[in-house]
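Asks: Starting off with a structure, shown below.
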Amino acid sequence: YLIDTHVFIRFMEGNSSFSPIAKSIMLDKNNEIFISIASLWEISIKTSIGKLPMNRRYDEIADLLY
401 YLIDTHVFIR
411 FMEGNSSFSP
421 IAKSIMLDKN
431 NEIFISIASL
441 WEISIKTSIG
451 KLPMNRRYDE
461 IADLLY
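Residue numbering for the sequence shown follows the working numbering, beginning at 401 and increasing consecutively.
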(Lines of atoms letter the chains of each structure in order from A and count residues from 1; the text may use other names and numbers.)
(Lines give C-alpha, C1' and ligand atoms only; values in the text may rest on other atoms or scores of the structure.)
Protein backbone atom coordinates (compact mmCIF):
# COMPACT_ATOMS: atom_id res chain seq x y z
CA TYR A 1 0.00 0.00 0.00
CA LEU A 2 1.24 3.48 -0.87
CA ILE A 3 0.06 6.09 1.61
CA ASP A 4 0.22 9.84 1.19
CA THR A 5 1.87 12.36 3.47
CA HIS A 6 -1.31 13.30 5.30
CA VAL A 7 -2.19 9.69 6.16
CA PHE A 8 1.38 8.98 7.26
CA ILE A 9 1.47 12.00 9.57
CA ARG A 10 -1.94 11.22 11.08
CA PHE A 11 -0.90 7.61 11.71
CA MET A 12 2.49 8.53 13.19
CA GLU A 13 0.88 11.13 15.45
CA GLY A 14 -1.56 8.56 16.81
CA ASN A 15 -4.70 9.97 15.20
CA SER A 16 -7.47 7.44 15.74
CA SER A 17 -9.95 8.76 13.18
CA PHE A 18 -9.12 6.13 10.55
CA SER A 19 -11.87 3.90 9.27
CA PRO A 20 -11.80 0.34 10.64
CA ILE A 21 -10.62 -0.95 7.25
CA ALA A 22 -7.81 1.63 6.96
CA LYS A 23 -6.71 0.97 10.53
CA SER A 24 -6.61 -2.79 9.97
CA ILE A 25 -4.55 -2.34 6.79
CA MET A 26 -2.06 -0.05 8.52
CA LEU A 27 -1.67 -2.31 11.57
CA ASP A 28 -1.45 -5.64 9.72
CA LYS A 29 2.21 -6.72 9.89
CA ASN A 30 1.71 -8.78 6.70
CA ASN A 31 1.05 -5.63 4.67
CA GLU A 32 3.83 -3.61 3.14
CA ILE A 33 3.19 0.10 3.64
CA PHE A 34 5.10 2.49 1.41
CA ILE A 35 5.61 6.24 1.59
CA SER A 36 7.12 8.37 -1.12
CA ILE A 37 10.51 9.94 -0.53
CA ALA A 38 8.78 13.17 -1.57
CA SER A 39 6.62 12.86 1.56
CA LEU A 40 9.71 12.78 3.75
CA TRP A 41 11.04 15.81 1.90
CA GLU A 42 7.72 17.61 2.46
CA ILE A 43 7.70 16.76 6.18
CA SER A 44 11.32 17.89 6.56
CA ILE A 45 10.70 21.24 4.91
CA LYS A 46 7.46 21.98 6.74
CA THR A 47 8.84 21.05 10.17
CA SER A 48 12.00 23.09 9.61
CA ILE A 49 10.03 26.26 8.80
CA GLY A 50 7.55 25.70 11.63
CA LYS A 51 4.48 24.94 9.51
CA LEU A 52 4.13 21.37 10.71
CA PRO A 53 4.41 20.77 14.43
CA MET A 54 5.07 17.10 15.16
CA ASN A 55 5.18 15.02 18.35
CA ARG A 56 8.31 13.25 17.08
CA ARG A 57 11.56 14.61 15.74
CA TYR A 58 12.21 14.14 12.02
CA ASP A 59 15.09 11.72 12.61
CA GLU A 60 12.84 9.54 14.80
CA ILE A 61 10.25 9.38 12.04
CA ALA A 62 12.87 8.47 9.43
CA ASP A 63 14.26 5.72 11.69
CA LEU A 64 10.82 4.10 11.98
CA LEU A 65 10.61 3.60 8.23
CA TYR A 66 13.27 0.91 8.03
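Here a beta-carbon is modelled for each residue, glycine too, at the ideal position from N, C-alpha and C. The structure presented is a predicted model; accordingly, all values stated were derived computationally and were not measured.
How far does the alpha helix (DSSP H) with S419 in it extend, from its first residue to its last?
Replies: Here residue 419 refers to the residue found at position 19 of the sequence shown. Here S419 belongs to no alpha helix (DSSP H), and DSSP marks it neither H nor E.
Asks: When DSSP labels each residue in this structure, what does I403 get in the three-state scheme?
Replies: Residue 403 sits at position 3 when you count from the first residue of the sequence shown. Reduced to three states, the DSSP call for I403 is strand.
Asks: Note down the Cα distance separating M426 from Y401, rounded to an integer number of angstroms.
Replies: Looking up residue 426 in the sequence shown gives position 26. Looking up residue 401 in the sequence shown gives position 1. Their Cα atoms are separated by approximately 9 Å.
Asks: Whole-angstrom Cβ separation of L465 and I435, contact assumed at under 8 Å?
Replies: Along the sequence shown, read from residue 1 onward, the residue named residue 465 stands at position 65. Along the sequence shown, read from residue 1 onward, the residue named residue 435 stands at position 35. That belief holds up - the Cβ atoms of L465 and I435 are roughly 7 Å apart, short of 8 Å.
Asks: In terms of DSSP beta bridges, what is I435 paired with?
Replies: If you number the sequence shown from 1, residue 435 lands on position 35. Paired residue(s): I403.
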